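Residue numbers (this note's numbering): 14 to 289.
Dropping the structure here:
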């Protein structure tokens, strides 16, 4: 929709300049707007996201929450105008196939997710952990450590909106050989992952056997769970994982790589898939 960034006047202060320097200039900010996801016109979730690839985001969200399992589970998915004036197209309405059970829409279970939290709307601890239909324990993926070491730079090289704003997370889907298939950026790291998964779902690529998901931030529980729900055997991150992320990766049979920077990395689970 062309709203991934917006310009705003700022006061620039440079203490390194002689006698200091203060001047006004325009700055480009990453856009953050609410997206309402509706199923059969019933509100299901609201997430704060960067506009763009919203259909992928909605479908990736439904899959990672275990509500759908294949593209055939969705009859139609369309971006709607909503009630804002002027129209901002911040609503995605999805119609599920007749064979798909409708999601729960009780107010206590409705989802509200911020840019930083992907599971804020879950009503109970039990609801947080959603089991994948894909068994990745036998995935034969093997990736040389030298290939993994190249992924952060390859991801960073295509973060075009980050170059302009410095304010976005990114998720990239790679082959075992290090080929980048798709990249998505968003103010929410979980949204970036949902956009990648939604793309893969629509392209008929699930499960993502033999692929690597690379994320620009930390490896949280929700990102590990989303990767597992898409059948991904490996999640790599430039920053740290959480304890729950490492425990879930162990449980799922996934490989979890953190602190992937330069020539070093930590493998927290599934080290047999990283070769020297």
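Idealized CB from N, CA, C, for every residue including glycine.
Computed from a prediction, not measured in an experiment: that's the story for all the values here.
* Asked: Which residue's Cα is closest to the Cα of residue 181: 203, 286, 192, 282?
  -> Residue 203 holds the alpha-carbon nearest to the alpha-carbon of residue 181 among 203, 286, 192, 282.
* Asked: Around the C-beta of residue 112, are 16 or more other C-beta atoms found within 10 angstroms, so that it is buried, or is it exposed?
  -> By the beta-carbon neighbour count (other beta carbons within 10 angstroms, threshold 16), residue 112 is exposed.
* Rounded C-alpha distance that separates residue 244 from residue 213 -> Taking the straight line from one Cα to the other gives about 11 Å.
* Taking the alpha-carbon positions, what's the residue 287 to residue 68 distance? -> Between residue 287 and residue 68, the C-alpha separation is close to 34 Å.
* Asked: Just to check, is the beta-carbon of residue 61 closer than 8 Å to a non-hydrogen atom of the ligand ATP?
  -> Absence of the ligand ATP from the depicted structure is noted, as is the absence of any ligand whatsoever, leaving it without description.
* In the structure shown, what three-state DSSP assignment does residue 278 receive? -> Of the three classes helix, strand and coil, the one that applies to residue 278 here is strand, per DSSP.
* Asked: Between residue 254 and residue 34, what straight-line distance do the alpha-carbon atoms span, to the nearest angstrom?
  -> If I take the Cα positions, the gap works out to 40 Å.
* Compute the Euclidean distance between the alpha carbons of residue 277 and residue 259, then round it to the nearest angstrom. => In this structure, the alpha-carbon of residue 277 lies about 18 Å from that of residue 259.
* Asked: Span of the alpha helix (DSSP H) holding residue 245?
  -> Neither: residue 245 is in no alpha helix (DSSP H) and is coded neither H nor E.
* Cutoff 6 Å; reference residue 75; Cβ partners in own chain excluding five residues on either side -> Excluding sequence neighbours, residue 75 sits near 81.
* **Which residues DSSP lists as bridging residue 91, in chain order** => BP columns for residue 91 point to 106.
* **Endpoints, the alpha helix (DSSP H) within which residue 165 is located** => 158-169 is the extent of the alpha helix (DSSP H) around residue 165.
* Asked: Taking the alpha-carbon positions, what's the residue 256 to residue 192 distance?
  -> Rounded to whole angstroms, residue 256 to residue 192 spans 29 Å at the Cα level.
* **Nearest-angstrom Cα separation, counted from residue 189 out to residue 155** => Going by the C-alpha atoms only, they are around 7 Å apart.
* To do: Can you say whether residue 201 is buried or exposed, counting buried as having 16 or more other CB atoms within 10 angstroms of its CB?
  => So residue 201 ends up on the buried side.
* To do: List in chain order: all unbroken alpha helix (DSSP H) runs of 4+ residues lying wholly within the region 181-250.
  => Correct list: 202-215, 234-242.
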